[in-house]
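Residues in the sequence shown are numbered consecutively from 6, following my numbering. All C-beta atoms, glycine included, are put in the ideal place defined by N, C-alpha and C. Single-structure report; data block below.
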Amino acid sequence: MAFELPKLPYDFAALEPHIDARTMEIHHGKHHAAYTTNLNNAIAGTELEGKSIEEILKNISKAPMAVRNNGGGFWNHNLFWEIMSPNGGAEPAGVLLESINRDFGSYAVFREKFTAAATSRFGSGWAWLCVHSGGKLEICSTPNQDNPLMDVDTRGCGANPILGLDVWEHAYYLNYQNRRPDYVNAFYNIINWAEVTKRFELSK
Ligand code: MN
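Have a look at this one:
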């Protein structure tokens, strides 16, 4: 079974004004679609064909760069669409908030550190909130389409990502141009904390 581009769980315009419809349309329909197609092409006829994406990422150091770039791009965007919602933006609650308070001190400090990870990433990449087995939360950042699931030395904290923010220019340039910090701040208005909490409980 080839990997498939997932449907967006909302309309292209649903995240406006924080992320504009045209950016969503191109980001999902062109960028994510290309990562998906190129991943399928890169693994076709190899021993990686038929493996889960997580299994591929876990052993990515042995795979060709095309699999690393496109496999990361495929997985990262799958997460990204799911952890945003037009109904998002409230602060986290319950067990996730308790863990944020325990590991960062407060939601405000978490936000400050996550913002710093996203804005200080030079060039293209991602900021992550991850959970280690046992439940400890950690913020990290990775370049390009790498992510913490990969067995490479750019994998950040190496734990399980439950929240990710794409800071490639293709994610914000049409609306925000060079103002990445404005895009990062807008992201907090659309985080789907219910989904992040679900992933936290499954991963911890
Ligand atoms: Mn992207």
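Going by CA-CA distance only, name the one from the options that's closest to residue i.
| i | options | result |
| --- | --- | --- |
| T28 | I195, F205, E174 | E174 |
| H32 | D108, E206, V172, A199 | V172 |
| L101 | V136, P148, E60 | V136 |
| T202 | N165, Q182, N64 | N165 |
| I196 | D158, A19, P91 | P91 |
| T41 | G169, V157, N81 | N81 |
| E21 | K67, M89, S111 | M89 |
| A71 | N46, E59, I58 | N46 |
Return the CA-CA distance between residue i and residue j, expressed in angstroms with no decimal places.
| i | j | result |
| --- | --- | --- |
| K209 | G99 | 15 Å |
| N83 | L10 | 8 Å |
| I48 | K63 | 15 Å |
| I61 | N74 | 12 Å |
| H37 | I65 | 19 Å |
| H104 | A123 | Residue identity check: residue 104 is Ser in the sequence provided, not His. Their Cα atoms are separated by approximately 21 Å. |
| A199 | K12 | 19 Å |
| L134 | E52 | 31 Å |
| E59 | V189 | 27 Å |
What distance in whole Å lies between the Cβ atoms of residue j and residue i, which are believed to be in contact at a cut-off of 8 Å?
| i | j | result |
| --- | --- | --- |
| G50 | M155 | Contact flag wrong, Cβ pair sits at about 23 Å. |
| F44 | F8 | Residue identity check: residue 44 is Leu in the sequence provided, not Phe. Indeed they touch by this definition, with Cβ atoms about 6 Å apart. |
| S146 | G161 | 6 Å |
| Y178 | G94 | Rounded, the Cβ-Cβ distance is 23 Å, inconsistent with contact. |
| K141 | D187 | K141 to D187, Cβ: 31 Å. No contact. |
| W131 | L170 | 6 Å |
| S129 | N149 | 6 Å |
Hey, quick one: how far does the beta strand (DSSP E) through residue i stretch, first residue to last?
| i | result |
| --- | --- |
| Y171 | In the sequence under discussion, the amino acid at residue 171 is Asp, which differs from the Tyr named in the question. Taken as a continuous stretch (DSSP letters only), the beta strand (DSSP E) holding D171 covers 165-171. |
| A122 | Element bounds for A122: not the beta strand (DSSP E) but the alpha helix (DSSP H), 112-125. |
| P186 | Unbroken run through P186 is the alpha helix (DSSP H), 185-192; no beta strand (DSSP E). |
| S146 | 142-148 |
Between which two residues does the alpha helix (DSSP H) carrying residue i extend?
| i | result |
| --- | --- |
| G161 | Taken as a continuous stretch (DSSP letters only), G161 belongs to no alpha helix (DSSP H), as it is neither H nor E. |
| A132 | Element bounds for A132: not the alpha helix (DSSP H) but the beta strand (DSSP E), 130-136. |
| I88 | From DSSP, I88 is part of no alpha helix (DSSP H); its letter is neither H nor E. |
| G196 | The sequence as given places Ile at residue 196; Gly does not occur at that position. Run containing I196: none; DSSP gives neither H nor E here. |
| E30 | 26-31 |
| F109 | 99-109 |
| L228 | Given a span of 6 to 209 for the chain in the structure shown, any question on residue 228 remains unanswerable. |
| Y40 | 38-48 |
| L62 | 58-63 |
Within 7 Å: the Cβ of residue i and any heavy atom of the ligand ATP?
| i | result |
| --- | --- |
| W133 | With respect to the ligand ATP, the structure offers nothing, as its ligand set consists of the ligand MN. |
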